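K.L.:
In the working numbering, the protein residues as written are 34 to 288. Where a beta carbon is used, it is the ideal one built from N, C-alpha and C, also for glycine. Remember, predicted model here, so these are calculated numbers, not experimental data.
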């Protein structure tokens, strides 16, 4: 007759209780970091692709003053992005995109203030700084929409645009699309639309998330939970979007 032996008791302090937070990061923040890491690989692949295509194309060999658009060489960014709303006919190289960059970085600062207010449990301050972050995001998206519109429209002086041959007649390329553009090789417009559009999609997603966070904060959801961790998690995503733009700006507008 077999006798069942009871397992020896294990002290409670030696058993794994579960729920421990690695590196003092909650499950939600850890998963956000994993997502951002995967997204980093995607943006890295896009920017590396841009760099490889950019430097496989002939560069302009003359001075900036003598530059002209052509499909035979890669355009100089400050010649393409020199327009500013309401200042038509005035050449202000990279000024508008510089303003866009400042607005997006400023929205990252307001997000930091919202997270700090969440740590203090200050509901009113969370609402205030989240609202400013949303305004910054929408302003950046509106600016990018204007820039896209101007890019698609083409240079105001079509005599500077790249030329194409139609029925034996040489004519300037009037608008930019995925097939041709008035600024240079077709790949230039392809990369511009894809990379800035992909980043713009991230900004738009971030704005939607910020609106949800603002709504939950305003209705007291996080106050009832006793913490504002969701503000911090969405803040990680927003900071990532801002940081990626710094690299997009460097690669596309300065190189």
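Run through DSSP, which three-state label would residue 166 get?
P.N.:
helix
K.L.:
If you follow the alpha helix (DSSP H) that residue 110 is part of, which residue opens it and which one closes it?
P.N.:
110 to 113
K.L.:
Let's see if you can read the secondary structure: which residues bound the alpha helix (DSSP H) around residue 281?
P.N.:
262 to 281
K.L.:
Classify residue 220 as helix, strand or coil using the three-state DSSP reduction.
P.N.:
helix
K.L.:
Considering only their Cβ atoms, is the gap separating residue 162 from residue 178 smaller than 9 angstroms?
P.N.:
no
K.L.:
Tell me whether residue 206 is buried or exposed, calling it buried when 16 or more other Cβ atoms sit within 10 Å of its Cβ.
P.N.:
Residue 206 counts as buried, since at least 16 other C-beta atoms from the protein chains shown sit within 10 angstroms of its C-beta.
K.L.:
Rounded to the nearest angstrom, what separates residue 216 and residue 135 at their Cα positions?
P.N.:
One C-alpha to the other measures close to 26 angstroms.
K.L.:
Terminal residues of the continuous alpha helix (DSSP H) containing residue 73?
P.N.:
60 to 89
K.L.:
Say whether the segment 238 to 245 touches the segment 94 to 104, bearing in mind that this needs 3 or more beta-carbon pairs closer than 8 angstroms, one atom from each stretch.
P.N.:
no
K.L.:
DSSP on residue 132, reduced to helix/strand/coil?
P.N.:
helix
K.L.:
Which same chain residues end up closer than 7 angstroms to residue 59 when comparing Cβ atoms and leaving out the 5 residues on each side of it in sequence?
P.N.:
262
K.L.:
Could you give the DSSP three-state label for residue 249: helix, strand or coil?
P.N.:
helix
K.L.:
Taking 6 angstroms as the limit between beta carbons, can you name the residues of its chain near residue 273, skipping five residues before and five after?
P.N.:
69
K.L.:
Could you say which of 202, 75, 142 lies nearest to residue 269 if we only look at CA atoms?
P.N.:
The shortest Cα separation from residue 269 among 202, 75, 142 belongs to 142.
K.L.:
Would you identify the three-state DSSP class for residue 215, choosing helix, strand or coil?
P.N.:
coil
K.L.:
Helix or strand or just coil, what does DSSP make of residue 197?
P.N.:
strand
K.L.:
Under the rule that 16 or more other beta-carbon atoms within 10 Å means buried, what is residue 182, buried or exposed?
P.N.:
exposed
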